[in-house]
């Protein structure tokens with residue numbers, strides 16, 4: 005077991021779960037954003053029991069963190085940033101950013117991240 009990858013995995017998941025709590029995202033939706041791991045694995049992750057994460061899961065978490073960071077830069081109030089996720093947006097075919105991300109592909113997460121990058 006690689007200690008560095010274990011610590012990275014723990015920190016990434018802890019940060020992810022904190023963001024999900026702030027965004028008030030249900031566990032069933034959190035599973036989708038993480039690429040649909042099985043529920044046993046998800047429950048272990050929530051308890052902080054993780055040694056490594058796949059590159060797919062790390063990439064997904066990275067996009068979520070980037071989205072969170074960009075929203076914090078774009079909006080002076082965190083409440084406004086969090087509300088933005090749930091407002092219809094023409095950039096996502098009239099869907100909310102959160103619902104667009106919940107289509108479940110990495111490409112959807114990437115598109116929301118790149119959209120926000122372009123707004124900075």
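In our numbering, the protein residues as written are 5 to 124.
Backbone N, C-alpha and C define an ideal beta-carbon position, used for all residues, glycine too.
Check: Residue nearest to residue 82 in terms of C-alpha spacing, selected from 23, 38, 98 and 107; Outcome: 23
Check: Beta-carbon spacing of residue 125, residue 65 below 9 Å; Outcome: An answer regarding residue 125 cannot be provided, because it is not within the stretch 5 to 124 covered by the chain.
Check: Sub-9 Å separation of residue 12 and residue 62 beta-carbons; Outcome: yes
Check: Rounded separation between residue 101 and residue 31 - CA only; Outcome: 18 Å
Check: For residue 55, the three-state DSSP class (helix, strand or coil); Outcome: coil
Check: Nearest-angstrom Cα separation, counted from residue 106 out to residue 5; Outcome: Note on residue 5: pLDDT 49, under 50, position unreliable in the model; no value is reported.
Check: Whole-angstrom distance between residue 108 and residue 91, CA atom to CA atom; Outcome: 19 Å
Check: 9 Å Cβ cutoff met for residue 113 and residue 67; Outcome: yes
Check: Buried or exposed (CB count within 10 angstroms, at least 16 for buried), residue 77; Outcome: exposed
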